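Note sheet for the following structure.
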Amino acid sequence: MDEGLRNELSRQGIFTTTLEDLYNWGRKNSIWPLGFGLACCAIEMIATSMARWDLARFGAEVFRPSPRQADLMIVAGTVTKKMAPQVVRLYNQMPEPKYVIAMGACAISGGPFKQGYNVLKGIDRYIPVDVHIPGCPPRPEALLHAFMTLQRKIDEQALTGEARPRHLKADAPSEFPVPAFGEHDLEPANNPAVWSPPVVNR
Amino acid sequence: MPVNTDPYLFVFLLLLGAVAFALGPLALAWVWSRCFSPRKPGADKNAIYECGLKSKGDAWVQFKAEYYLYAIIFLIFDVEAIFLLPFAVAFTGLPVGAFVAMVIFVLLLVEGLVWAWQKGVLTWK
Numbered sequence: 011m012d013e014g015l016r017n018e019l020s021r022q023g024i025f026t027t028t029l030e031d032l033y034n035w036g037r038k039n040s041i042w043p044l045g046f047g048l049a050c051c052a053i054e055m056i057a058t059s060m061a062r063w064d065l066a067r068f069g070a071e072v073f074r075p076s077p078r079q080a081d082l083m084i085v086a087g088t089v090t091k092k093m094a095p096q097v098v099r100l101y102n103q104m105p106e107p108k109y110v111i112a113m114g115a116c117a118i119s120g121g122p123f124k125q126g127y128n129v130l131k132g133i134d135r136y137i138p139v140d141v142h143i144p145g146c147p148p149r150p151e152a153l154l155h156a157f158m159t160l161q162r163k164i165d166e167q168a169l170t171g172e173a174r175p176r177h178l179k180a181d182a183p184s185e186f187p188v189p190a191f192g193e194h195d196l197e198p199a200n201n202p203a204v205w206s207p208p209v210v211n212r
Numbered sequence: 078m079p080v081n082t083d084p085y086l087f088v089f090l091l092l093l094g095a096v097a098f099a100l101g102p103l104a105l106a107w108v109w110s111r112c113f114s115p116r117k118p119g120a121d122k123n124a125i126y127e128c129g130l131k132s133k134g135d136a137w138v139q140f141k142a143e144y145y146l147y148a149i150i151f152l153i154f155d156v157e158a159i160f161l162l163p164f165a166v167a168f169t170g171l172p173v174g175a176f177v178a179m180v181i182f183v184l185l186l187v188e189g190l191v192w193a194w195q196k197g198v199l200t201w202k
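In order, the protein sequences belong to chains A and B. Read the first sequence against this note's numbering and you will find it ends at 212, with the numbers running on by one and no gaps. Read the second sequence against this note's numbering and you will find it ends at 202, with the numbers running on by one and no gaps.
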């Protein structure tokens with residue numbers, strides 16, 4: 011339906027929508043995050059879900075203890091190399107459609123512990139991250155902003171066509187390879203399907 | 078309203094409406110997932126545990142609690158002491174029969190102690 015007709019109808023008091031919009035509207039307002047915190051950012055995440063910042067306004071107050079019931083993984087904190095396989099496995103156990111918010115400097119890049127031998131330099135090396143939040147730790151407002159960004163992203167997803175999201179493509183993977191402990195590092199060191207080392211131009 | 082209408086007919090109709098109200102969204106969700114979402118099962122997704130760790134071995138193992146050892150040693154060291162105290166207090170005025178009965182009782186428990194000692198239960202490992 012073209013925009014002019016829709017405007018004309020709404021002026022007459024007739025609300026029109028598409029199945030796609032309705033579907034995404036429902037989806038974006040009922041995101042259930044996984045109750046999952048790794049470090050200090052988790053405290054900010056908990057604060058966000060409580061009365062002062064009130065994540066419930068966005069329909070996301072239902073933190074699920076099981077990945078099978080969760081839509082969103084908020085990677086809140088430092089991902090050590092010992093923890094990374096568990097994070098990826100939890101992500102694999104979540105049903106599609108699933109989203110990831112990498113919260114805080116550690117989750118997006120290793121943060122202040124980037125030089126540490128045991129710290130993963132960003133969870134986006136293994137799983138596709140939808141929204142990155144910088145900050146150490148980010149304020150609850152930053153998490154809310156990331157949440158609204160994710161909602162906008164979900165709202166724009168198409169149900170059909172080539173640009174449809176991963177969960178609607180039969181051949182797109184739902185599970186991502188879980189890294190294993192190698193001799194010196196996690197193997198593989200990253201998932202080439204979602205991340206590749208940045209090219210440095212000198 | 079016609080006279081011959083069953084008064085419970087409306088209750089039945091409302092019940093039907095209530096059931097449809099409950100099952101309708103579920104059916105819609107099922108149809109929706111059939112039409113749009115391809116199923117993607119996998120080894121991790123079908124795994125039993127949800128803690129992120131890979132389960133090791135079989136969950137159906139036999140667990141040896143050995144509570145009978147606790148029961149025997151409790152009898153020897155706790156219950157026996159309760160009987161020994163009045164026995165010691167009344168010792169001088171006891172007839173021979175009571176004394177023999179008490180000795181048999183203590184010996185029965187000592188047998189349990191010897192058995193437990195031989196089994197190595199008293200050794201701290």
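Backbone N, C-alpha and C define an ideal beta-carbon position, used for all residues, glycine too. The structure displayed is predicted, hence computed values, not measured ones.
query                                                                                                                         : result
Val85(A) and Ala57(A) closer than 7 Å at C-beta                                                                               : no
Beta carbon of Phe123(A) nearer than 7 Å to that of Thr88(A)                                                                  : yes
C-alpha distance - Ala199(A) paired with Lys131(A), whole-angstrom precision                                                  : 10 Å
Contact set between Phe98(B) and chain A, taken where Cβ atoms lie within less than 7 Å                                       : None at all; the shortest Cβ gap to chain A is about 18 Å.
Beta-carbon proximity of Leu186(B) to Ile153(B), cut-off 7 Å                                                                  : yes
Cβ pair Pro189(A), Ala94(A) closer than 7 Å                                                                                   : yes
Of the listed residues Met158(A), Val204(A), Glu193(A), Arg212(A), nearest to Arg37(A) (C-alpha basis)                        : Met158(A)
CB contact below 7 Å: Pro77(A) versus chain B                                                                                 : yes
Three-state class that DSSP yields for Arg74(A) in the structure shown                                                        : strand
Span separating the alpha-carbon of Leu169(A) from that of Lys179(A)                                                          : 10 Å
Chain A contact residues for Ala106(B), given Cβ-Cβ distances below 7 Å                                                       : Those within 7 Å of Ala106(B) in chain A number zero; the least Cβ separation is about 11 Å.
Of the residues Ala104(B), Asp83(B), Ala124(B), Ala175(B), the one placed nearest Asp135(B), counting alpha carbons only      : Ala124(B)
For Gly192(A), the nearest candidate out of Gln103(A), Lys92(A), Gly69(A), Ser20(A) (CA to CA)                                : Lys92(A)
Coil, strand or helix - Thr26(A) by DSSP                                                                                      : coil
Among Arg78(A), Gln22(A), Pro107(A), nearest to Asn34(A) - alpha-carbon criterion                                             : Pro107(A)
Cβ of Lys133(B) within 7 Å of any chain A Cβ                                                                                  : no
Coarse secondary structure for Met83(A), derived from DSSP in three states                                                    : strand
Distance CB(Glu185(A))-CB(Gly129(B)) smaller than 7 Å                                                                         : no
Three-state class that DSSP yields for Tyr145(B) in the structure shown                                                       : helix
Neighbouring residues, chain A, relative to Leu199(B) (Cβ below 7 Å)                                                          : Result: empty, since nearest Cβ-Cβ is about 40 Å, beyond 7 Å.
CA-to-CA distance, Ala193(B) to Val177(B), given in whole angstroms                                                           : 24 Å
Residue range of the unbroken beta strand (DSSP E) whose run includes Met113(A)                                               : 109-113
Simplified DSSP state of Glu13(A), which is helix, strand or coil                                                             : helix
Helix, strand or coil at Leu103(B) according to DSSP, with G and I counted as helix                                           : helix
Coarse secondary structure for Phe68(A), derived from DSSP in three states                                                    : helix
Chain-ordered neighbours of Asn102(A) on chain B, where CB pairs are closer than 7 Å                                          : Gly119, Asp121, Lys122
Contact set between the stretch 164-185 of chain A and chain B, restricted to residues whose Cβ is under 8 Å from the partner : Leu169, His177, Leu178, Lys179, Ala180, Pro183, Ser184, Glu185
Neighbouring residues, chain A, relative to Phe113(B) (Cβ below 8 Å)                                                          : Leu169, Leu178
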